[in-house]
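Residues in the sequence shown are numbered from 3 upward in steps of one, following my numbering.
Ideal Cβ placement from N, Cα and C applies to all residues, glycine included.
Please read all numbers here as calculations on a predicted model, not as lab measurements.
First comes the structure, then the notes that go with it.
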Amino acid sequence: MNKQELLNEIQKLEFPNTDFIIVGGGALVIRNLRETSDLDIVVTAELFEKLKKDHQ
Numbered sequence: 003m004n005k006q007e008l009l010n011e012i013q014k015l016e017f018p019n020t021d022f023i024i025v026g027g028g029a030l031v032i033r034n035l036r037e038t039s040d041l042d043i044v045v046t047a048e049l050f051e052k053l054k055k056d057h058q
């Protein structure tokens, strides 16, 4: 996954920009250092609880 593909996947999630961070290979993709095959994110406790509630 290149930078544009990664950004497209993130946009599809519709998460508030302040409620998650990109970690792992995705952080390297954002900096144009390499491509990755997956997207690893960490979300705030509040977003986690909302997602948990919405997907039960």
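Please report the residue range of the alpha helix (DSSP H) in which residue i lies.
{"i": "F76", "result": "What is shown of the chain runs 3 to 58, which leaves residue 76 out entirely."}
{"i": "N10", "result": "5 to 15"}
Assuming residue i and residue j form a contact by the criterion Cβ under 8 Å, report the distance between their Cβ atoms to the nearest whole angstrom.
{"i": "V25", "j": "D42", "result": "5 Å"}
By Cβ distance below 8 Å, which residues in the same chain neighbour residue i in space, the five residues on each side in sequence not counted?
{"i": "L53", "result": "V45"}
{"i": "N34", "result": "K5"}
{"i": "A47", "result": "none"}
{"i": "T38", "result": "M3, L8, G26, G27, G28, L30, V31"}
Within a Cβ cutoff of 6 Å, which residues of the same chain sit near residue i, ignoring the five residues on either side of it in sequence?
{"i": "L49", "result": "D21"}
I want to see whether chain B comes within less than 9 Å of residue i, judged by CB atoms only; does it?
{"i": "L9", "result": "Structure shown: chain B not included; a single protein chain is present."}
Can you give me the start and stop residues for the beta strand (DSSP E) that residue i sits inside?
{"i": "D56", "result": "Counting along the chain, D56 falls outside any beta strand (DSSP E), though it belongs to the alpha helix (DSSP H) covering 47 to 56."}
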